[in-house]
Amino acid sequence: MADTNLKSSPLTYQRVRQTIIDRIASGQLQPGDKLASERQLAKDFGCNFHTVRRGLALLEQERWIERRIGAGTFILRSAGQDVEPIEPPKAAAKGLLGVICPSRLDNFATEMLHHLHHEAERRGLGLSIRTVSDFGSTAQQIGRQMLDQGCLALLVPWMPDPAPAADLWQLARSVKGPLVLSRPYPGLEAYCYERPEVFGRAEFTAVEMCCRYFQELGHSRIAFFGPDTLRNEGLGHRVLAYSRFASHHAMANLASLVGGRADEVDAVVDRWSAMAGDLAVICFDDDHALRLMTAAHKRGLRIPQDIAILGFNNIPLSRTSDPPLSTVQFDYDYVATSMLDHAQALADGRSAQAEGLAREKLVIRDSCGGRLCADERLNQILERIGAGNGN
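Numbering (our numbering), first residue to last: 1110 to 1500.
Printed below as a string of structure tokens:
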């Protein structure tokens, strides 16, 4: 009974649907007959049970079958009977994806969800979003429920640092279905939206772009400022990129990392104040850039005249800070598109990990001093370093 061609076809779920309709038309299946379980059908058809589930969802919408909770799936009508099909919601005309997020969302996570929603809507997909306090047993239960209710795949678009890798491994093992993660966690590399060997390349490129930008503006002292933590992979990428640039260009390594207290930032500004007028700082994210600006203001230092500052991620507060914060625009569209590509591919039994083509752009406002130092040369500088301008 197994159809070996089903494994390689991207339209496997449609063939599952048509095969069952053909069996109804031939009389092999009669109204009231109970279908085999999804897992048994998957075995019979030679595909995964999520692909079978997509085919059954179409049959249910067309009123060929009826799912009865706790009892199973039954043939509802014969080929000669006409009934009104169930119209799927317009927003989810092509399917529904489950999204599981930590309950404490920061600016980055909120922006990521916005871009995921926009891209899903463009594709005719719906998103079912659930928040969890942790990724233990509750997340596992929610994930299974989402797949059982017809979600084609699950997405975890953002995780706090440090990420609970063990919990994510248990989640993948528990849901046993298509799952897309935001990073290539050990043992879970196949779930990441981007190929593991190129993951993080954009962060290296973006930091090097920032260093070259400040060099072009004439700064000889370029520093890095970020959080003091050992368990943040993104931080590791950026510190390494900065350190490599400093080493290759015979620059002093001025990386400084701080905890959550304001006096730690004050101490960094005190150390750096002797370099005022020739100091440029690349910050791990916009939140740390805003903390640094606050501490500099407290010490009477001017931005950008005394300290030029760049952030990362372009959060809403960066537009209204004093002065407006220059920053690096994270490529949310690339990540959102790649996550949905991989999710849809996994639902069809394939893989579509992205090739690492994210492009992050400088958003030039006032804190970096670009307009002050370069004036009419600014666009030439941005073109020379391949930065574009996200402003």
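Glycine included, each C-beta is placed from N, C-alpha and C at the ideal position.
- Judged by their CB atoms, His1397 and Phe1334 are nearer to each other than the 8 Å cut-off.
- For Cys1482, the enclosing alpha helix (DSSP H) begins and ends at 1479-1483.
- Contiguous beta strand (DSSP E) elements confined to the segment 1244-1314 occur at 1263-1265, 1288-1290, taking only those with 3 or more residues.
- One Cα belongs to Cys1482, the other to Leu1326, and the distance between them is close to 6 Å.
- For Gly1235, the enclosing beta strand (DSSP E) begins and ends at 1235-1241.
- Note that the C-beta distance between His1159 and Gly1343 is not below 8 Å.
- Residue burial annotation: Pro1140 is exposed, with fewer than 16 other C-beta atoms found within 10 angstroms of its C-beta.
- Contact between Ala1350 and Glu1317 holds, with the beta-carbon distance rounding to 6 Å and staying under 8 Å.
- One thing to note: Gly1259 has its Cβ within 8 Å of the Cβ of Leu1205.
- In the DSSP assignment, Ala1166 falls within the unbroken alpha helix (DSSP H) covering 1158-1170.
- Contact check for Cys1477 against Ser1435 passes: the beta carbons are separated by less than 8 Å.
- Taking a cut-off of 8 Å for Cβ pairs, the segment 1299-1312 and the segment 1232-1244 do not touch, as fewer than three such pairs fall below it.
- CA-CA distance, Leu1261 to His1223, rounds to 20 Å.
- Taking C-beta atoms under 8 Å as the contact rule, Asp1450 and Ala1467 fail to qualify, at a distance of about 13 Å.
- In the three-state reduction of the DSSP assignment, Phe1323 falls in the helix class, which pools H, G and I.
- By DSSP's assignment, Phe1334 forms a beta bridge with Ser1365, Cys1392.
- Taking C-beta separations shorter than 6 Å and ignoring five residues to either side along the sequence, the partners of Glu1373 in its chain run Val1367, following chain order.
- As the crow flies, the alpha-carbon of Ala1134 is around 34 Å from that of Ala1452.
- The beta carbon of Ala1383 lies closer than 7 Å to none in the same chain, with the five residues before and after it left out.
- Beta-bridge analysis with DSSP links Pro1211 to Val1241.
- Secondary structure at Phe1439: coil, using DSSP grouped into helix, strand and coil.
- Between the beta-carbon of Pro1293 and that of Phe1308 there is about 5 Å, and that keeps the pair under the 8 Å contact cut.
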